[in-house]
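Participant:
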Amino acid sequence: MNSTNKNNETSVSSRKIALKLLLSVLKDGQSLSTLSSLTEGLDARDAAFSRMLSFGVLRYFDQLQAMLKPFIKKPLKAKDIDVQLTLLIALYQILHTRVPDFAVVDVAVKQIRKSRKKWAANMVNGVLRNFLRHIEGKSPEILFAELADDSAKFAHPQWIINQLKKDWPENWQNILHENNKQAPMTLRINQQQTNIDEYQLALENDFELTSEKIVDLPSALKLEQPRDVTQLPGFKQGWFSVQDAGAQLAAQILQPEEGDSILDACAAPGGKTSHLFELQPKIKITALDISETRLQKVNENCQRLGFKPTLITADACATEEWWQGDLFDKILLDVPCSAIGVIRRHPDIKHLRREEDIENLVQLQREILIKNWALLKPGGRLLYVTCSVFKAENEQQIDWFLQLQENTELIELPEITSGKVQQFGMQLFPNSSHDGFYYALLQKKV
Numbered sequence: 001m002n003s004t005n006k007n008n009e010t011s012v013s014s015r016k017i018a019l020k021l022l023l024s025v026l027k028d029g030q031s032l033s034t035l036s037s038l039t040e041g042l043d044a045r046d047a048a049f050s051r052m053l054s055f056g057v058l059r060y061f062d063q064l065q066a067m068l069k070p071f072i073k074k075p076l077k078a079k080d081i082d083v084q085l086t087l088l089i090a091l092y093q094i095l096h097t098r099v100p101d102f103a104v105v106d107v108a109v110k111q112i113r114k115s116r117k118k119w120a121a122n123m124v125n126g127v128l129r130n131f132l133r134h135i136e137g138k139s140p141e142i143l144f145a146e147l148a149d150d151s152a153k154f155a156h157p158q159w160i161i162n163q164l165k166k167d168w169p170e171n172w173q174n175i176l177h178e179n180n181k182q183a184p185m186t187l188r189i190n191q192q193q194t195n196i197d198e199y200q201l202a203l204e205n206d207f208e209l210t211s212e213k214i215v216d217l218p219s220a221l222k223l224e225q226p227r228d229v230t231q232l233p234g235f236k237q238g239w240f241s242v243q244d245a246g247a248q249l250a251a252q253i254l255q256p257e258e259g260d261s262i263l264d265a266c267a268a269p270g271g272k273t274s275h276l277f278e279l280q281p282k283i284k285i286t287a288l289d290i291s292e293t294r295l296q297k298v299n300e301n302c303q304r305l306g307f308k309p310t311l312i313t314a315d316a317c318a319t320e321e322w323w324q325g326d327l328f329d330k331i332l333l334d335v336p337c338s339a340i341g342v343i344r345r346h347p348d349i350k351h352l353r354r355e356e357d358i359e360n361l362v363q364l365q366r367e368i369l370i371k372n373w374a375l376l377k378p379g380g381r382l383l384y385v386t387c388s389v390f391k392a393e394n395e396q397q398i399d400w401f402l403q404l405q406e407n408t409e410l411i412e413l414p415e416i417t418s419g420k421v422q423q424f425g426m427q428l429f430p431n432s433s434h435d436g437f438y439y440a441l442l443q444k445k446v
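Take the sequence shown: its letter number 80 is residue 80 in the UniProt record's numbering, and every next letter is one higher.
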């Protein structure tokens, strides 16, 4: 077999895995984070290519659907979702990658011919060629201007767009645009092991990898290009962790002090737990999570960095089942949320999250907040965190809690360059440096 044929076979194989990933999310309702086994057996480059295709289609799904629709003469049946997704994968490649158009069409047709839907091969070929003729000579701006509704223009479900318009009338478009970009890869340098200047120099000299520091975050390095973390210097030795810059604010705001007893009530995967230790190793942390599997990740991450929290698998709401009676000096509540602020890392959220989920999450967040507030010492501080940009999960929750609990004081947060200070807490929108987060620091009155 010549090299061209080998490349074609690899392309078909990679797209076949991408199709399986998409079917698992869109048809079976599974999360991308649980589907890593589907790329096992592929080499690193092909696995990355499969993930890139599946992420891209999920990210731009509504937009791709709208652009494809005029070229489908007869709507495809639900049972032919694999044919539809093959077309969407091809459109994504044509619009967002450098793969030659002729190769995209060729591989898509071959993929269909190798499936049980051979009848669709001519249709796929015709649709893609007609689409290519339609877009010839047109800029992306012209193509997107042809789209009729917001969900297609911004590639988000309409309910998310509506909520962002309501919550952030001046910022909603920018949030949507940032949600569709590739998230940066940011390292958190473990300053118990090395320092940020030495590590940045090592990346540049040994790996020719450019990075930049981030204002307000003394341990953060944003990489110019993502890399396999296991190949970076000092990974096994615990010199760094991968953590979004916005998430690195949590430990910095909570400011652990020597001798503190701290509860991290929704700890997995352990990034914030380990960061607290890095800032002050002489503390005791109880790391809690409802998932034993996810709590194991906390253990693995902390072990690599040389830290040892107390691990408890339990429901943060069921404090009576695990709390031993000793009050905590500080509590970190990174509560379950809609995760709208991290959509660019998890584009399946656009398809798995429903509007009705928000009220359920609000009630869960309130229960966790009330139950864990009772475990805080007088004079102690609780940091409430979400990776959402919806006000119902953020400042409206803190407003509600301050009215409910008379022994609560809202602490003013340090000024963050990219943070938007609200009446209650601080909102970070997704941008080139970090994801979307919300922070509010509460103190229990003595």
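Glycine residues also receive a C-beta, built at the ideal position from the N, C-alpha and C atoms.
Quantities reported herein were computed from a predicted structural model and do not represent experimental measurements.
1. Quick check on this structure: which residue in LYS153, TRP400, PHE71 and ILE189 has the alpha carbon closest to the alpha carbon of LEU305?
2. Under the three-state reduction of DSSP, which class applies to PHE390: helix, strand or coil?
3. Can you give the Cα-Cα distance for residue 448 and SER261, rounded to whole angstroms?
4. What first and last residue would you give for the beta strand (DSSP E) that runs through SER211?
5. May I have the straight-line CA-CA distance separating ALA250 from VAL215, to the nearest angstrom?
6. From LYS153 to GLU395, what distance separates their C-alpha atoms?
7. Hey, out of ARG51, ARG45 and ALA44, whose CA is closest to THR34's CA?
8. Below 8 angstroms on the Cβ atoms is my contact criterion, and I expect THR286 with ILE253 to pass it. Report the Cβ-Cβ distance as a whole number of Å.
9. Note down the Cα distance separating ASN2 from LEU38, rounded to an integer number of angstroms.
10. Under the rule that 16 or more other beta-carbon atoms within 10 Å means buried, what is ASN179, buried or exposed?
11. According to DSSP, simplified to helix, strand and coil, what is VAL385?
12. Work out the CA separation of GLY436 and PHE235 for me, nearest whole Å.
13. Sort GLY41, SER54 and PRO233 by Cα distance to ASP82 and report the nearest one.
14. Quick check on the DSSP output: the beta strand (DSSP E) that includes THR293 runs from which residue to which?
15. Rounded to whole angstroms, what is the Cα-Cα separation between ASP244 and PRO184?
16. Using only the alpha-carbon positions, how far apart do LEU26 and LYS20 sit?
17. Expressed to the nearest angstrom, what Euclidean distance is found between the alpha-carbon atoms of ARG227 and GLN200?
18. CB PHE424 to CB LEU410, shorter than 8 angstroms?
19. If distances are taken between C-alpha atoms only, which option among GLU393, LEU217 and GLU355 comes closest to GLU415?
20. Counting along the chain, where does the alpha helix (DSSP H) carrying GLU409 start and finish?
21. Under the three-state reduction of DSSP, which class applies to SER14: helix, strand or coil?
Facilitator: By the coordinates alone:
1. Translated into the one-based positions of the sequence shown, residue 305 becomes position 305. It is ILE189 whose Cα lies nearest to the Cα of LEU305.
2. The sequence position of residue 390 within the sequence shown is 390, counting from 1. Coil, per DSSP.
3. The chain is shown only over 1 to 446; residue 448 falls outside these bounds and no answer can be derived.
4. The residue labelled residue 211 in the question sits at position 211 within the sequence shown. Unbroken beta strand (DSSP E) run through SER211: 211-214.
5. To locate residue 250, count along the sequence shown from 1; it is residue 250. To locate residue 215, count along the sequence shown from 1; it is residue 215. Cα to Cα, ALA250 sits roughly 15 angstroms from VAL215.
6. As a first step, residue 153 must be located in the sequence shown, where it is residue number 153. As a first step, residue 395 must be located in the sequence shown, where it is residue number 395. Their Cα atoms are separated by approximately 29 angstroms.
7. On the sequence shown, residue 34 is found 34 positions in, with the first residue counted as 1. Of ARG51, ARG45 and ALA44, the residue nearest in Cα terms is ARG51.
8. As a working mapping, residue 286 is identified with position 286 in the sequence shown. As a working mapping, residue 253 is identified with position 253 in the sequence shown. At roughly 19 angstroms, the Cβ-Cβ gap does not stay under 8 angstroms, so THR286 and ILE253 are not in contact.
9. For this step, residue 2 is matched to residue 2 along the sequence shown. For this step, residue 38 is matched to residue 38 along the sequence shown. For ASN2, the predicted structure reports a pLDDT of 36, less than 50, and the residue's modelled location is therefore unreliable. The matter cannot be settled from this model.
10. Within the sequence shown, numbered from 1, the residue matching residue 179 stands at position 179. Counting Cβ neighbours within 10 Å, ASN179 comes out buried, since at least 16 surround it.
11. Here residue 385 refers to the residue found at position 385 of the sequence shown. Here VAL385 sits in strand by DSSP.
12. As a first step, residue 235 must be located in the sequence shown, where it is residue number 235. As a first step, residue 436 must be located in the sequence shown, where it is residue number 436. Straight-line Cα distance between these residues: approximately 26 angstroms.
13. Position 82 of the sequence shown, counted from the start, is the residue given in the question as residue 82. The candidate whose alpha carbon is nearest that of ASP82 is SER54.
14. Numbered from its first residue, the sequence shown carries residue 293 at position 293. Careful: THR293 lies outside any beta strand (DSSP E), inside the alpha helix (DSSP H) at 292-305.
15. Looking up residue 244 in the sequence shown gives position 244. Looking up residue 184 in the sequence shown gives position 184. Spanning the two alpha carbons is a distance of roughly 8 angstroms.
16. Numbered from 1 along the sequence shown, position 26 holds the residue referred to as residue 26. Numbered from 1 along the sequence shown, position 20 holds the residue referred to as residue 20. So the two alpha carbons sit approximately 10 angstroms from each other.
17. The sequence position of residue 227 within the sequence shown is 227, counting from 1. The sequence position of residue 200 within the sequence shown is 200, counting from 1. Their backbone Cα atoms lie some 14 angstroms apart in a straight line.
18. Position 424 of the sequence shown, counting from 1, holds the residue named residue 424. Position 410 of the sequence shown, counting from 1, holds the residue named residue 410. Yes, these two residues count as a Cβ contact at 8 angstroms.
19. In the sequence shown, the residue the question calls residue 415 occupies position 415. Cα-wise, what sits closest to GLU415 is LEU217.
20. The residue given as residue 409 occupies position 409 in the sequence shown. GLU409 -> not in any alpha helix (DSSP H); beta strand (DSSP E) instead, spanning 408-411.
21. Position 14 of the sequence shown, counting from 1, holds the residue named residue 14. Helix.
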